[in-house]
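Novice: The structure's right below; bear with me while I get my questions together.
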Amino acid sequence: MKRCRVLQIFFFLAVTAVLSGCSVSYSTGKSSDTVSTLLDSVSGSSTSMSGGGDVASIMQGYADDIAAVTYLWVSEKKSEEQFLRLLTAVARTHGIVDWEQTTATFEAMGRGLYQAGIPREGIVKLPFFRKLADNARYALVLQGYTQV
Amino acid sequence: MPGMLLFFKDILRCNALWLLLFCLCIPGTGRAEEPDYSLDFIYVNANTGEAAGGHSAIKLGSTVFHYQFFPGDFFLLVRDSWPHFKYIYTDVSNRTISIRRLPLRPEVFYQLNTHFIRLLISQQEALLKLDRAESGLSLLRQLSRKRNTIELPVAGLLDNQSAGNDAMASLRHALEKEAGAVGVEQMLQLFRKKAGALLQEKGVAGVSARLSALREVLLKQYFLQLVAQGVSLAGDALITFPDSTGLRIEELNKLAEYKSQLQASIVHLFLADMPGQAESIVLQTARYLAVSRSLFTRRLSTLDPFSGAAVIRNVTGDDDLQSVSEHLQRNVARARRAFFQETVHNDVAYGQLEISRGRLNELKNAILYGSPVRGEPGLLLPSRSGKVTIDWLDYGRSGVLAGAAEDEKLLAAVIARVKSGVAYDLLRRNCATELLRNINTAFANSVEGREALGGWLTPDTGFVFIPAELQTRVGEEFPVTDEQILLSRRLKMLKMLFRRENDMFVWLREANVFSSTLYSPRLNDSTFLFFTDDVSVMRPLLGLANIAWAALNGAAGLLTLPVDGGERIQQGGRGIFYSLPELVFHNIRKGTYGFGNSQPVAP
């Protein structure tokens, strides 16, 4: 067993010195099997960073990501512009072009705010959410906040 | 003969891995897919190509997190669904997966899951920073030339020489109405003034931010110019299959509804003036025109989803061409059905339709005309860049250009910094070290981590940077409950054959690439004669035969050199290289399968 491990280590070092270890994304097509890579990237519209598949699973991944964007914005005290830019970029990786028209966005924001430890009454004091206060979207934020 | 058969079977069964494979094998759709609170350490064994070092991943519920290489020397954290991951590695790559399961308390499970999602978002933020710096640099260099046109993303989707499009007239009306009766021409002049002001500004804000703002204003003024002119789509921006069936009445109704939604979205995005949305405005406009055209012609047309970054390759000689095309056709049919049935997330469903049609179109052109195909990963949004006229821009007192050389240096530094943060390092930043590092950073310190996980392992411990070694150490350091083995595709099929047919006969037939019914040689797999992943004692002997065969083929390559350009010599060399470890009982090459002869699993 010990000998086997030594051999494994030896071969990993030898082989990876010539090649590289780990794995290449199939859909990026570094492999010469191009048609296959085309199919894989198509089969579920895979995206390396954001998952993919059917609409329901895309929306689930999207909601998780928006909650994380909101959490990081609050906890790292970034500017509103940075928040909105990242939000737009993340939404686009899920194929969502107009995130303001997507109710899941605001519910997920509420979840992120809860995770970041923002008290319910403190939400309205945050830059972006201040503008939402008298808006139906604010209700969605609160809904997401309370559903955690 | 029966004695020999027993000998081979014994060899098979004496190998420790094989014991696990045969005794602990759990079908792919078994326990591993159940949503439960565990952290599963995954090890994928080696194969040829970039997979030679093995691969590490973790699974939380049905989501897999792992690191992969991407073009441009990016080494990035990736999220995948477990069924898709399993399909890629066991079915397509023909590699065996080992899973070590660490049961977790629910709160620890969620802590790890959210931690990894946040890491993905932080990575996305870094990539966004990189994108802004690169776009800024490109804009700065273009402006420095002081030409009348510049290249901007998404602008290539529209034909800015055309005019008088009816759908654009309707959009103009809606935009002016919502803008409070302000004319499009007035807005256009306003945005041009804004662009001029931004160009003259030698700002206080960071160079990336200033150039980003300028780029967005330039794109918005371009949008207004398109609306004012009433342009149509660029002819080559549309994908219209010659055989696409006509749209049914309910499909036309759905498209009409989506067209109204797109119009509202364009107006909203423009007036909301959110940062980072300028590209989205032009994209939605192009989609609006594509849908309008579909309604007019009663045949489905969608935008070409590929960007200029797509990799172009020739695939005419690929064996899988026809079967992959059939899969793609099914994908298009599924996406089409999904879009016409979708009631809420139309943009997402339409995007899927756009991508699937785009990919199928590539393959159709390859089959019909021998054209090369474009490949680009991810959930693509059409973003083809194109020339935008800026002859109205006064370069006279440009503050931006005054400090261009200095700004270029700043942007280049940002690009270098971000790239170094996502680069691969064989010993210090690979798929094994990064997973371990990221698991550890989910906890405040090692005490908290040990309490939550029942063990602690750091990336600098011994040889854990080697995926196989990490898996072994995980078994020693953490209270993992069991080990599951998911067999590679060939081994799984071989096991079934052993059950059904005479063992000796199956072995003799399936051990070599010529008579094997389970495998067809593929270019990617290098030249070899015998499979050695299912034998142990015989491995050096078969390895020797593989080397001799590869050398013979390589030598024959000297004769075919004028025809194949040295391909056969190269394959022979690769064959020898991957056979060398077999001389000392180690196996790397297992053969691979394409997507064509399997049922693809969506991510």
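Here the protein sequences line up with chains A and B, keeping their order.
Oh and the first sequence: position 93 is 93 in our numbering, straight run, nothing missing.
Remember, our numbering sits 148 above the position in the second sequence when you count from 1.
The beta carbon of each residue, even a glycine, is placed where N, CA and C say it ideally should be.
If you check the beta carbons only, do Tyr237 of chain B and Ala616 of chain B fall under 8 Å apart?
Specialist: Going by C-beta atoms, Tyr237 of chain B is not nearer than 8 Å to Ala616 of chain B.
Novice: Would DSSP call Glu299 of chain B helix, strand or coil?
Specialist: Here Glu299 of chain B sits in strand by DSSP.
Novice: Between the stretch 681 to 706 of chain B and chain A, which residues of the former have a C-beta closer than 7 Å to a C-beta of the latter?
Specialist: Against chain A - using a Cβ distance shorter than 7 Å - the stretch 681 to 706 of chain B contributes no residues.
Novice: Give the range of the beta strand (DSSP E) segment to which Asp188 of chain B is assigned.
Specialist: 186 to 192 is the span of the beta strand (DSSP E), which, as asked, contains Asp188 of chain B.
Novice: Run through chain A and tell me which residues come within less than 8 Å of Ala497 of chain B, C-beta to C-beta.
Specialist: Under the 8 Å cutoff, chain A gives Val55.
Novice: Check distances from the C-beta atoms of the stretch 69 to 98 of chain A to those of chain B and list, in chain order, the residues that come in under 7 Å.
Specialist: From the stretch 69 to 98 of chain A, only Val69, Tyr71, Leu72, Glu81, Leu84, Arg85, Leu86, Thr88, Ala89, Val90, Arg92, Thr93, His94, Gly95, Ile96, Val97, Asp98 have a Cβ closer than 7 Å to chain B.
Novice: Looking only at DSSP bridge pairs, what is Ser246 of chain B linked to?
Specialist: In DSSP, Ser246 of chain B forms a bridge with B:Tyr191, B:Ile633.
Novice: Starting from Asp681 of chain B, follow the alpha helix (DSSP H) in both directions and report where the run begins and ends.
Specialist: Looking at the DSSP string, Asp681 of chain B is not in any alpha helix (DSSP H), and its letter there is neither H nor E.
Novice: Against Ile58 of chain A, what residues of chain B qualify as contacts under a CB-to-CB distance less than 7 Å, listed in chain order?
Specialist: Going along chain B in sequence order, the residues near Ile58 of chain A (Cβ under 7 Å) are Val496.
Novice: Starting from Tyr215 of chain B, trace the beta strand (DSSP E) in both directions and tell me its first and last residue.
Specialist: That run of the beta strand (DSSP E) goes 211 to 218.
Novice: Quick check: what's the CA-CA separation for Ala311 of chain B versus Ala382 of chain B?
Specialist: Cα-Cα distance, rounded: 12 Å.
Novice: Pull the bridge partners of Lys535 of chain B from the DSSP assignment, please.
Specialist: BP columns for Lys535 of chain B point to B:Glu299.
Novice: Evaluate contact between the stretch 462 to 476 of chain B and the stretch 559 to 576 of chain B, counting only Cβ atoms and requiring at least three cross-stretch pairs below 8 Å.
Specialist: With the cut-off at 8 Å, the stretch 462 to 476 of chain B and the stretch 559 to 576 of chain B do not touch.
Novice: Answer with yes or no whether the minimum CB distance from Glu100 of chain A to chain B is below 8 Å.
Specialist: For Glu100 of chain A, the answer is yes, since a Cβ of chain B falls inside 8 Å of its Cβ.
Novice: Residues in the same chain with beta-carbon distance under 7 Å from Pro669 of chain B, minus the five sequence neighbours each way, listed in chain order, please.
Specialist: These residues qualify, in order along the chain: Val661.
Novice: Return the CA-CA distance between Arg737 of chain B and Arg585 of chain B, expressed in angstroms with no decimal places.
Specialist: Cα to Cα, the separation comes out at about 30 Å.
Novice: Please state the DSSP three-state secondary structure of Gln147 of chain A.
Specialist: Reduced to three states, the DSSP call for Gln147 of chain A is coil.
Novice: Can you give me, in chain order, the residues of the stretch 115 to 141 of chain A that have a beta carbon less than 9 Å from any beta carbon in chain B?
Specialist: Those would be Gln115, in chain order.
Novice: Compute the Euclidean distance between the alpha carbons of Gly523 of chain B and Ala457 of chain B, then round it to the nearest angstrom.
Specialist: C-alpha separation (whole angstroms): 9 Å.
Novice: Once DSSP output is grouped into helix, strand and coil, what is the label at His493 of chain B?
Specialist: Residue state, collapsed to three classes: coil.
Novice: Could you tell me if Leu39 of chain A is buried or exposed, where buried requires 16 or more neighbouring beta carbons within 10 angstroms of its beta carbon?
Specialist: Any reading at Leu39 of chain A must be qualified, since the residue scores a pLDDT of 47, below 50, and its modelled position is unreliable; no value is offered.
Novice: Expressed to the nearest angstrom, what Euclidean distance is found between the alpha-carbon atoms of Gly201 of chain B and Ile614 of chain B?
Specialist: About 8 Å.
Novice: Which partner residues does Arg577 of chain B have in the DSSP bridge list?
Specialist: According to DSSP, which records beta bridges pairwise, Arg577 of chain B is partnered with B:Asp573.
Novice: State the DSSP-derived secondary structure class of Asn660 of chain B, mapped to helix, strand or coil.
Specialist: Correct three-state label for Asn660 of chain B: strand.
Novice: Thinking just about the alpha-carbon of each residue, which of B:Ile387, B:Ala385, B:Arg320 is nearest to the one in Leu374 of chain B?
Specialist: Nearest of B:Ile387, B:Ala385, B:Arg320 to Leu374 of chain B, Cα basis: B:Arg320.
Novice: Starting from Arg805 of chain B, follow the beta strand (DSSP E) in both directions and report where the run begins and ends.
Specialist: Chain B is shown from 149 up to 751; residue 805 of chain B falls before or after that span and cannot be answered.
Novice: Taking Cβ positions only, does Ser126 of chain B come closer than 8 Å to chain A?
Specialist: Shown here, chain B extends from 149 to 751; a query on residue 126 of chain B therefore has no answer.
Novice: For chain A, find out if any of its Cβ atoms is closer than 8 Å to the Cβ of Leu443 of chain B; answer yes or no.
Specialist: No, no contact with chain A.
Novice: Along the chain, where does the beta strand (DSSP E) containing Ser428 of chain B start, and where does it finish?
Specialist: From DSSP, Ser428 of chain B is part of no beta strand (DSSP E) but of the alpha helix (DSSP H) over 426 to 445.
Novice: In angstroms with no decimal places, state the Cα-to-Cα distance between Gln147 of chain A and Gly112 of chain A.
Specialist: Using only the alpha carbons, I get a separation of about 11 Å.
Novice: Hey, does Glu715 of chain B have any beta-carbon neighbour from chain A nearer than 8 Å?
Specialist: Taking Cβ atoms only, chain A never reaches closer than 8 Å to Glu715 of chain B, which makes this a no.
Novice: Assign Tyr517 of chain B to one of two classes, buried (16 or more other C-beta atoms within 10 Å of its C-beta) or exposed (fewer than that).
Specialist: Under this definition Tyr517 of chain B is an exposed residue.
Novice: Going by beta-carbon coordinates alone, are Trp99 of chain A and Thr93 of chain A separated by less than 8 Å?
Specialist: Going by C-beta atoms, Trp99 of chain A is not nearer than 8 Å to Thr93 of chain A.
Novice: Following the continuous beta strand (DSSP E) through Gly523 of chain B, name the residue where it begins and the one where it ends.
Specialist: Note, Gly523 of chain B: beta strand (DSSP E), 521 to 523.
Novice: Taking 8 Å as the limit between beta carbons, can you name the residues of its chain near Leu593 of chain B, skipping five residues before and five after?
Specialist: The residue asked about is misnamed: residue 593 of chain B is Asn in this sequence, not Leu. Result list for Asn593 of chain B: empty, nothing under 8 Å.
Novice: Determine the burial state of Met70 of chain A: buried for a count of at least 16 other Cβ atoms within 10 Å of its Cβ, exposed for fewer.
Specialist: Looking at the sequence shown, residue 70 of chain A is not Met but Thr. Thr70 of chain A comes out buried.
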